[in-house]
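Novice: Okay, here's the structure, questions in a sec.
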């Protein structure tokens with residue numbers, strides 16, 4: 024829901040205040056925020072269907088950290104122009120990668136045991 028609110032804010036509240044490039048940066052943050060919010064729902068559904076495991080719990084935490092670091096840094100970067108925040112986004116992207124890997128490993132391990 025937060026991703027939808029932030030997307031609407033960007034489309035309506037920031038469109039006239041940001042450059043086209045910075046608006047695109049903001050929208051990238053919204054897009055990945057939305058995808059990984061759905062990913063958190065998937066993790067929750069998997070936990071409900073299978074026994075909770077460290078793999079699934081870790082995947083959820085990595086997705087949350089990824090949203091905060093990746094999307095959060097892009098939101099702040101686009102609004103404040105603090106360029107050093109561009110170096111934070113790859114850390115969030117790495118967290119996203121780990122999250123999906125942990126989720127898939129957890130599913131595979133649950134199916135083989």
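In our numbering, the protein residues as written are 24 to 136.
Where is the CB? At the ideal position from N, CA and C, for every residue including glycine.
(1) Here's the rule: buried if 16 or more other CB atoms are within 10 angstroms of the residue's CB, otherwise exposed. What is residue 64?
(2) Using the Cα positions of residue 70 and residue 39, report the straight-line distance between them to the nearest angstrom.
(3) For residue 125, which residues of its own chain have a beta-carbon under 7 Å away from its beta-carbon, when the five flanking residues on both sides are left out?
(4) In whole angstroms, what is the alpha-carbon distance linking residue 118 and residue 106?
(5) Please list, in chain order, all residues of the same chain as residue 109 whose beta carbon is under 7 Å from its beta carbon, the five residues on each side excluded.
(6) Extract the residue ranges of the beta strand (DSSP E) inside the region 55-110, only unbroken runs of 3 or more that lie entirely within it.
(7) Within a Cβ cutoff of 7 Å, which residues of the same chain sit near residue 26, ignoring the five residues on either side of it in sequence?
(8) Check this for me: beta carbons of residue 45 and residue 133, under 9 Å apart or not?
Specialist: A quick look at the data gives this:
(1) In the chain shown, residue 64 corresponds to position 41, counting from 1. By the neighbour-count rule (16 or more Cβ atoms within 10 Å), residue 64 is not buried but exposed.
(2) In the chain shown, residue 70 corresponds to position 47, counting from 1. In the chain shown, residue 39 corresponds to position 16, counting from 1. Answer to the nearest angstrom: the Cα atoms are 43 Å apart.
(3) Walking along the chain shown from the start, residue 125 turns up at place 102. For residue 125, where only same-chain residues beyond five positions count, the Cβ hits under 7 Å are 78, 81, 82 and 85.
(4) Stepping through the chain shown from its first residue, residue 118 is reached at position 95. Stepping through the chain shown from its first residue, residue 106 is reached at position 83. Rounded to the nearest angstrom, the gap between the Cα atoms of residue 118 and residue 106 is 21 Å.
(5) Counted from its first residue, the chain shown places residue 109 at position 86. Within the same chain, 100 come within 7 Å of residue 109 by CB-CB distance, once the 5 residues on both sides are set aside.
(6) The qualifying runs do not exist here; there are none.
(7) In the chain shown, counting from the first residue as 1, residue 26 sits at position 3. Non-local C-beta neighbours of residue 26 in its own chain, meaning closer than 7 Å and more than five positions away in sequence, comprise 53, 56, 57 and 60, ordered along the chain.
(8) For the purposes of this step, residue 45 is identified with residue 22 of the chain shown, where counting begins at 1. For the purposes of this step, residue 133 is identified with residue 110 of the chain shown, where counting begins at 1. Cβ atoms of residue 45 and residue 133: not closer than 9 Å.
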